[in-house]
Structure formats: structure tokens, C-alpha cells
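Here the structure is laid out as C-alpha cells; the discussion comes afterwards.
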Amino acid sequence: MPDDDRIAFKLELTVCDRTIEAETPIPNQPLRVVDLLPVLLAFDSALVGMAADKTESDGQKISCREGCGACCRQIVPVAEAEAVYIAELVADLPAPRQAYIRQRFQEALAALGEEFVERLHDTSKCHELAERRRLGEEYFNRGIPCPFLDQERCSIYQHRPMRCREYLVTSPAENCSNPSPETVRPVDVPVQLSRILFCFADGLGDQSTRWLPLVLALEFSGEQKRFPGPELFRRFVSQIGH
110 MPDDDRIAFK LELTVCDRTI EAETPIPNQP LRVVDLLPVL LAFDSALVGM
160 AADKTESDGQ KISCREGCGA CCRQIVPVAE AEAVYIAELV ADLPAPRQAY
210 IRQRFQEALA ALGEEFVERL HDTSKCHELA ERRRLGEEYF NRGIPCPFLD
260 QERCSIYQHR PMRCREYLVT SPAENCSNPS PETVRPVDVP VQLSRILFCF
310 ADGLGDQSTR WLPLVLALEF SGEQKRFPGP ELFRRFVSQI GH
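Just so it is clear: in the sequence shown, position 96 is 205 by this note's numbering, and no numbers are missing.
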């Protein structure tokens, strides 16, 4: 797309006594929320990186390392736009790889069992933190790896969901094999864009929190409305700090 068909946004955001300054070009055409995800995911990674730097400068060492896939057996909540993003990512894979990933999704759902999968389809009932923790614990205890986990490494690392990016810990790595609020110390990420995205499926940011487990992403078929790209991006950024 020619540069004159994009509008550049200059961003400045201070988090953890550090400031992000960036200029982001947004296509000046109708976009879905999912079309903004490449920009939003990169922005989220930058914010998480600032929080991680602050944590380590305060003397706490982050335990997460490549090859440690314990958290890749957790429920992984994704926004509706991320579910569409993941489904489109899989659809664009070469045929053999696509077939393999789709099989991994099917195997994960079969291992979870029909009754539990039915509960996963209705996460709207998980209003209370205790309910979400209980569901997450039940999921984790089944020991089912994310369909994108290969040899304890994320095969879509550059495209991974926001909640995956925002989950870092300073507690010993071995504690992640049996996580609990008492044994796992997450890094404090003051600005979590995932929380905004969970409420942004309508492109307005006016709805209540809506998410689904990553393992159901290929089944999601929600409508994705289009809005003028610059307006959509401006609206999303305006939610930061609310």
C-alpha cells in the first residue's frame, strides 16, 4: 500500500518510569480489529519488555526461558480478534503443516473430553476470579499442550497471543509445573493490552470482557465489523489507562 494511503500515529507512553516513543502507520481504509493485531502485538511486547526490564533492574530475575513450555499447558485466554487471527494464520500454512496443526487441535479437544469442552464454550460464566482459577486449574491438570507447542517451543512465537506475551514469572521455573498463587510470582505488567482487546470485539471498546480458550480458536466464527483504520486504532489506544 502506498505511504499516502496510511496515516502515521505518533505514540508516547510511560510505563515503569520508562517511555515508549513510536510512529505507527495505519492503513487509511476499512479494517477489522484483527487487521490491527500485528501492530498491537508488537506494542504489547514492547510494554511487557519495559516491565521485564524494570523487574530485573529491581533485582528480580525472570525465570522464563526458551524450551520451558510449562505455561503452554495452561488455558490461554484469547480475544475474539485473536481467535480469528489464529484461524487465518493456520489457514495460510502450507497444506502438510496446516493438516498437522488442525490434527493437534482435534487431539487436544478429544483429550479434554466432550463435557469439559462444553464448559469451555461458555466462559461467560467465569465472572469471579475464583471461578476462572478453578477452570484454569482443571485445564492445566489435564496436561494437554498447546497445539502450537513443538519440542517445548512455541511454533508461532512471533504471532503468539497477548496473554502469552504478558505472562512472565520470577519464581523458580520448577514451580510452574504445579502453579498456584502461592508458588508462582508473575511479573507485574502495569499495562496489559489483552484486557483492552477482550472488550474490543465490537471495535468500540464498550462491551464487557469476552474471551475464549485458544484451543477453541479454529471453531470461532464471530462477526468482525470494519471501521476506518485510523479511527479504529485511535479508539483502541484511547482505552489505555481507563
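Glycine included, C-beta positions come from ideal geometry on N, C-alpha and C.
For the segment 227-308, which segments carrying the alpha helix (DSSP H) assignment without a break, of at least 4 residues, lie completely within its bounds, in sequence order? 238-250, 271-275 and 302-306
Between the segment 145-157 and the segment 298-314, can you find at least three pairs of beta-carbon atoms closer than 8 Å? yes
Compare the beta carbon distance of residue 181 and residue 244 with 8 Å and say whether it is the shorter of the two. Here residue 181 corresponds to residue number 72 of the sequence shown, with the count starting at 1. Here residue 244 corresponds to residue number 135 of the sequence shown, with the count starting at 1. Not a contact, by the Cβ cut-off of 8 Å.
Proximity to residue 318 [Cα-Cα], best of 187, 262, 196 and 343: As a first step, residue 318 must be located in the sequence shown, where it is residue number 209. Looking at 187, 262, 196 and 343, the one whose alpha-carbon comes closest to that of residue 318 is 187.
Local conformation of residue 195 per DSSP, three classes: As a position in the sequence shown, residue 195 is number 86, starting the count at 1. Residue 195: helix per DSSP, three-state reduction.
Identify every residue that forms a DSSP beta bridge with residue 131. Position 22 of the sequence shown, counting from 1, holds the residue named residue 131. Its beta-bridge partners are 120.
Alpha-carbon to alpha-carbon, residue 293 and residue 284: Reading the sequence shown from its first residue, position 175 is the one you call residue 284. Reading the sequence shown from its first residue, position 184 is the one you call residue 293. Distance between the alpha carbons of residue 284 and residue 293 is about 6 Å.
Between the C-alpha atoms of residue 129 and residue 222, what's the straight-line distance to the nearest angstrom? Locating residue 129 in the sequence shown gives position 20, where the first residue counts as 1. Locating residue 222 in the sequence shown gives position 113, where the first residue counts as 1. If you take the alpha carbons of residue 129 and residue 222, they lie about 44 Å apart.
Cβ shell of residue 177 (< 6 Å), same chain only, five flanking positions each side left out: Within the sequence shown, the letter at position 68 stands for residue 177. If we look at residue 177 and ignore the five residues flanking it on each side, its Cβ neighbours are 282.
For residue 149, does the count of other Cβ atoms within 10 angstroms reach 16, so buried, or fall short, so exposed? Taking the first residue of the sequence shown as 1, we reach residue 149 at position 40. Flag for residue 149 reads buried.
Return the first residue and the last residue of the alpha helix (DSSP H) that residue 161 is part of. Residue 161 sits at position 52 when you count from the first residue of the sequence shown. Unbroken alpha helix (DSSP H) run through residue 161: 142-166.
Run through DSSP, which three-state label would residue 115 get? Residue 115 sits at position 6 when you count from the first residue of the sequence shown. Strand.
Those residues which DSSP pairs with residue 185 across a bridge: Reading the sequence shown from its first residue, position 76 is the one you call residue 185. None, per the DSSP bridge assignment.
Under the three-state reduction of DSSP, which class applies to residue 341: helix, strand or coil? Translated into positions along the sequence shown, residue 341 becomes position 232. Of the three classes helix, strand and coil, the one that applies to residue 341 here is helix, per DSSP.
Taking 8 Å as the threshold, find out whether the segment 262-280 comes into contact with the segment 188-200 through three or more Cβ pairs. Short answer: they touch.
Between the Cα of residue 278 and those of 229, 168, 172 and 217, spot the shortest distance and give me the residue it belongs to. Residue mapping note: residue 278 aligns to position 169 of the sequence shown, counting from 1. For residue 278, the nearest C-alpha among the options comes from 172.
Compute the Euclidean distance between the alpha carbons of residue 139 and residue 119, then round it to the nearest angstrom. Within the sequence shown, residue 139 is the residue found at index 30, counting from 1. Within the sequence shown, residue 119 is the residue found at index 10, counting from 1. Each residue's Cα considered, the two are about 20 Å apart.
So, helix, strand or coil for residue 203, using DSSP? Position 94 of the sequence shown, counted from the first residue, corresponds to residue 203. Of the three classes helix, strand and coil, the one that applies to residue 203 here is coil, per DSSP.
Give the straight-line distance between the Cα atoms of residue 327 and residue 219, rounded to the nearest whole angstrom. For the purposes of this step, residue 327 is taken as the residue at position 218 of the sequence shown. For the purposes of this step, residue 219 is taken as the residue at position 110 of the sequence shown. If I take the Cα positions, the gap works out to 14 Å.
Within 8 Å, strictly: CB atoms of residue 296 and residue 160: The residue you call residue 296 lines up with position 187 of the sequence shown. The residue you call residue 160 lines up with position 51 of the sequence shown. Taking 8 Å as the Cβ cut-off, residue 296 and residue 160 qualify as a contacting pair.
How long is the line joining the alpha carbons of residue 321 and residue 225, rounded to whole angstroms? Locating residue 321 in the sequence shown gives position 212, where the first residue counts as 1. Locating residue 225 in the sequence shown gives position 116, where the first residue counts as 1. If I take the Cα positions, the gap works out to 14 Å.
Report the rounded CA-to-CA distance for residue 133 versus residue 339, giving the unit in angstroms. Here residue 133 refers to the residue found at position 24 of the sequence shown. Here residue 339 refers to the residue found at position 230 of the sequence shown. For residue 133 and residue 339, the distance between alpha carbons rounds to 10 Å.
Have a look at 348, 240, 350 and 335 and flag the residue whose alpha-carbon is nearest the alpha-carbon of residue 136. Looking up residue 136 in the sequence shown gives position 27. Comparing Cα positions, the closest option is 335.
Whose CA, out of 146, 262 and 260, lies closest to the CA of residue 195? Looking up residue 195 in the sequence shown gives position 86. Closest by alpha carbon: 146.
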